[in-house]
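Using UniProt numbering, you'd call the opening residue of the sequence shown number 1 and step up by one each time.
Idealized CB from N, CA, C, for every residue including glycine.
Owing to the predicted nature of the structure, the values given are computational and were not obtained by experimental measurement.
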Amino acid sequence: MQESDPFEKGLAAGEAAASAAGGASPTPSSDGRMYVRTQGFGSSDEELRFLQRCGVRHKAATFPYHPERGWDLDELVQERERHESFGLTLDMSALPIYEKLPNIIYFGKSPERDREIDLACEMIRTASRAGIDSLRYNTCILPIDRTEQEEGRGGYHYTAFRLDKIPVEERAKLTDAGRV
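The structure is reproduced here in structure tokens:
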């Protein structure tokens with residue numbers, strides 16, 4: 001008997017823990033099929049019908065941002081219900097930290113940094129109340145976060161970051177946060 005891969009064990013344990021937590025969005029049994037989620041589509045009827053035809057059942061979405069309160073609960077619930085009417089589970093969104101709340105991560109000073117942290121916490125609570133199970137964020141203080149695409153297995157092209165491909169003068173520049 002072959003010892004199972006520790007990575008696969010970790011994935012299985014994570015999935016079991018997430019399932020035990022009982023997320024707000026019901027997820028139908030996969031019957032051994034692949035779990036497919038997309039995040040590169042909008043929410044027009046045409047796009048949602050296309051995803052239906054392709055067998056996608058889970059989708060990430062973005063929500064309108066309101067500077068004074070972050071996300072609006074009614075808007076999130078309405079968007080989740082709209083996705084469900086197309087047979088899709090809206091189960092992830094991105095916190096707009098990089099775009100709307102830069103003081104949390106970078107070099108913000110209180111009270112603005114504290115205000116943005118409180119707003120992000122409220123957005124997390126709002127997503128939970130709306131039945132959005134997962135949130136992610138992306139941030140990068142470097143002026144260059146990727147170099148050119150590279151070819152991988154099977155001819156697949158993916159983004160990469162190769163420090164040696166960034167010109168020395170670019171590497172020497174300081175960011176707003178100093179040397180990174």
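Between Glu-122 and Gly-70, the beta carbon gap of about 6 Å places them in contact (Cβ cut-off 8 Å). Of the residues assessed, His-66 falls on the exposed side of the cut-off, its CB having fewer than 16 other CB atoms within 10 angstroms. Approximately 6 Å separates the beta-carbon atoms of Phe-63 and Glu-75; this is inside 8 Å, confirming the contact. A Cβ-Cβ contact shorter than 9 Å links Ile-132 with Met-92.
Here Tyr-158 is bridged, per DSSP, to Glu-150. Around the beta carbon of Arg-57, 16 or more other beta carbons sit within 10 angstroms, so the residue counts as buried. The Cβ atoms of Glu-99 and Leu-90 do not sit closer than 9 Å to each other. Lys-173 has its alpha-carbon roughly 8 Å from the corresponding atom of Arg-179. Arg-37 is bridged by DSSP to His-58. The beta-bridge partner set that DSSP reports for Ser-110 is empty.
Nearest Cα to Gly-152 within the set Ala-160, Leu-135 and Asp-145: Ala-160.
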